[in-house]
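The structure appears below as structure tokens.
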Amino acid sequence: MHPGPRAVVWFLVVISSFAVPTARAEVIEEIVALVDGDILTKSEYEEEEQSMIQEIYRSYAGTELDNAVSAARKSLLMDLIDRKILVHRASRIFDTERMGNVFYESFREQQQVEDEADFIVMIEREGMTIEGLKKKLIDRFAPDEVVREEVSRRISVADHEVDAYYAEHPDEFRHDDEVELREIVLMADNEAEKTERRAEVEQLHATLTAQNFEQVAAEFSEAGTKAESGYLGVVKRGDLSEALEEIAFGLMPGTVSDIMEMPYGFHVLYAGNMRVGEMKTLEEVRDELRMRLEDERFSTRLSEFMTKARGESEWCVKTKFVASLPPRHADKVCKEM
Numbered sequence: 006m007h008p009g010p011r012a013v014v015w016f017l018v019v020i021s022s023f024a025v026p027t028a029r030a031e032v033i034e035e036i037v038a039l040v041d042g043d044i045l046t047k048s049e050y051e052e053e054e055q056s057m058i059q060e061i062y063r064s065y066a067g068t069e070l071d072n073a074v075s076a077a078r079k080s081l082l083m084d085l086i087d088r089k090i091l092v093h094r095a096s097r098i099f100d101t102e103r104m105g106n107v108f109y110e111s112f113r114e115q116q117q118v119e120d121e122a123d124f125i126v127m128i129e130r131e132g133m134t135i136e137g138l139k140k141k142l143i144d145r146f147a148p149d150e151v152v153r154e155e156v157s158r159r160i161s162v163a164d165h166e167v168d169a170y171y172a173e174h175p176d177e178f179r180h181d182d183e184v185e186l187r188e189i190v191l192m193a194d195n196e197a198e199k200t201e202r203r204a205e206v207e208q209l210h211a212t213l214t215a216q217n218f219e220q221v222a223a224e225f226s227e228a229g230t231k232a233e234s235g236y237l238g239v240v241k242r243g244d245l246s247e248a249l250e251e252i253a254f255g256l257m258p259g260t261v262s263d264i265m266e267m268p269y270g271f272h273v274l275y276a277g278n279m280r281v282g283e284m285k286t287l288e289e290v291r292d293e294l295r296m297r298l299e300d301e302r303f304s305t306r307l308s309e310f311m312t313k314a315r316g317e318s319e320w321c322v323k324t325k326f327v328a329s330l331p332p333r334h335a336d337k338v339c340k341e342m
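Under my numbering, the residues of the sequence shown are numbered 6 to 342, in order.
Right under this line is the structure:
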């Protein structure tokens, strides 16, 4: 039940979201949602939104940033309600007093403040109490513990399931097609130059073999790879133009292509080692595949679990904020008193 490294990141969030100026305590908070007798206030909602946006700004830019912010805003209210549902669930299945103490000790250690008295002074300077901090840590991390207990620990993927998936989806486990290439290029930018150089290219091509391709490329090629004896390296599908790719992957290892007439001149390829359509062995992919199947199963089980948890909880949203819920929950409007 130890908070992970993210606890350090959340330190200032925890501090700032709990510390409330004295004058503000007299203000009646606007309620956004009611969850099992607990309330989600507008200030809490706005603070979480601001924290979320700051985190997204550190990870995205441009259009991706806009899309990420938009998506996060759409899910934020439901996420906060879910968090409260899970915190209440944690109080039923865990000793939350002990949990709070464990979170607190781990959190304090991660701040690298050895003397607890110094840590308490630091907390109080920010307008917090130790009990308040423990509650914040429970609110932040208890939901993860509930999910771990009620979802993650109940997921397993047996060997026979891994074996069956591998056998039924062979195309997912092929190595990328690869071919090792060398090239010879003679430049000719227009039809007149091509006509002038065609005989030269054909004569040169007639002398090419697997044994002398490197030497001929080093002497006659006009491409940038001339200094490396025409070596293009190991290429995968998608690395070359469609015209070159079709020829390259159609060659047998150790063979020379026909002359290809290109817009820039004449191109000849030599194929060395090649791997096309080769399957990865089951043992190569077993661990990765098991993790993938577990992740897929987790997503499904988590969705099912949260649907169940919401159904077992009493929650509603004030009319003003219902538009921020997913459409399927549009009926969860609090009855006005």
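Don't be surprised by glycine CBs; every beta carbon is placed ideally from N, CA and C.
The Cβ-Cβ distance between Leu138 and Tyr109 falls below 8 angstroms. Under the three-state reduction of DSSP, Arg187 is assigned to strand. Secondary structure of Thr134 (DSSP, three-state): coil. Ala147 sits close to Leu91, with the two beta carbons spaced by under 8 angstroms. By alpha-carbon distance to Arg159, the top candidate from Val338, Ser304, Arg103 and Ile86 is Ser304.
Of the residues assessed, Tyr62 falls on the exposed side of the cut-off, its CB having fewer than 16 other CB atoms within 10 angstroms. Residue state for Glu227 is assigned as coil, using DSSP reduced to three classes. Counting along the chain, no alpha helix (DSSP H) covers Glu266; the unbroken beta strand (DSSP E) around it starts and ends at Met265 to Met267. Per DSSP, the unbroken beta strand (DSSP E) holding Phe271 starts and ends at Gly270 to Arg280.
For Arg333, the secondary structure class from DSSP, reduced to helix, strand or coil, is helix. Partner residues in the beta bridge of Asp43, as assigned by DSSP, are Val40.
Inter-segment contact for the region 273–280 and the region 290–300 is absent: fewer than three beta-carbon pairs are separated by less than 8 angstroms. DSSP, reduced to helix, strand and coil, places Thr101 within a helical segment of the structure shown. With respect to the 8 angstroms criterion, His180 and Arg280 are classified as neighbours on the basis of their beta carbons. With contacts defined as CB atoms closer than 8 angstroms, Leu81 and Met57 qualify as a contacting pair. Contact between Glu183 and Lys241 holds: their C-beta atoms lie close to 5 angstroms from each other, under 8 angstroms. With 16 or more other CB atoms across the displayed protein chains lying within 10 angstroms of its CB, Leu186 is buried.
Looking at the backbone, the Cα of Asp149 and that of Arg130 are separated by about 29 angstroms. Setting aside the 5 residues that flank it on each side, Thr46 is surrounded in the same chain by Glu34, Glu35, Ile36 and Val37, each with a C-beta closer than 8 angstroms to its C-beta; the list follows chain order. Excluding the 5 residues flanking it on each side, Ala248 has same chain C-beta neighbours closer than 8 angstroms at Met265 and Met267, in chain order.
Between Leu209 and Val190, the gap from beta carbon to beta carbon reaches 8 angstroms or more. Under the three-state reduction of DSSP output, Lys241 falls in the strand class.
For Val206, no beta strand (DSSP E) segment is defined; the enclosing uninterrupted segment is the alpha helix (DSSP H) at Glu196 to Ala211.
Approximately 5 angstroms separates the beta-carbon atoms of Glu227 and Met192; this is inside 8 angstroms, confirming the contact.
Counted as a single uninterrupted DSSP element, the beta strand (DSSP E) harbouring Val322 occupies residues Trp320 to Val322. Exclusion of the five residues before and after Val151 leaves Leu91, Arg94 and Ala95 as the residues of its chain whose Cβ lies within less than 6 angstroms of its Cβ. The beta carbon of Lys337 sits closer than 6 angstroms to those of Cys321 and Val322, all from its chain and outside the five residues before and after it, given in chain order. Per DSSP, Lys340 lies in no alpha helix (DSSP H) segment and is marked neither H nor E.
At the C-beta level, Gly235 and Phe218 come within 8 angstroms of one another. The C-beta distance from Val156 to Phe310 rounds to 5 angstroms, short enough to fall under 8 angstroms.
For Thr230 against Glu188, the beta-carbon gap comes to about 6 angstroms, under 8 angstroms, which counts as contact. DSSP, reduced to helix, strand and coil, places Thr260 within a strand of the structure shown. Between the C-alpha atoms of Phe271 and Val239 there is a straight-line separation of about 21 angstroms. Per DSSP, the continuous alpha helix (DSSP H) segment holding Gly316 begins and ends at Leu287 to Gly316. In this structure, DSSP gives Arg159 a helical state, which the three-state scheme calls helix.
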